[in-house]
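Under this note's numbering, think of the first position of the sequence shown as 45, with each following residue one higher.
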Amino acid sequence: MKILKDVFDIRALIIILLIAIGSLLIDGPKLKRKGFTKELKIIKGISYFYIIFSIGMLILLKKF
């Protein structure tokens, strides 16, 4: 647990979360408008993973 706290602090996880949300809100509509459906699926998958990961890590680090 100490290693995770050293690698991921709260600021880093919040930055990861904001970047993932920004990708969904900014890049997602642009890709959809241009017709890049494959790339849109990829960016959605990666963004959702980062959102779930950062929220999970925030909860885990707050708990311990």
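C-beta atoms are modelled at their ideal positions from N, C-alpha and C, and glycine is treated no differently. Being a predicted model, the structure only gives us computed values, none of them experimental.
Count Cβ pairs between the stretch 89-101 and the stretch 56-68 that sit closer than 8 Å; are there 3 or more? yes
Pick helix, strand or coil for F93, following the three-state DSSP scheme. helix
Look at the Cβ atom of L68, then the Cβ atom of K76, and state whether they are nearer than 7 Å. no
So is L48 buried or exposed if we call it buried at 16+ other beta carbons inside 10 Å? exposed
Using the C-alpha atoms, what's the distance from I95 back to P73? 18 Å
When you compare only the Cα positions, how much space is there between A56 and K82? 29 Å
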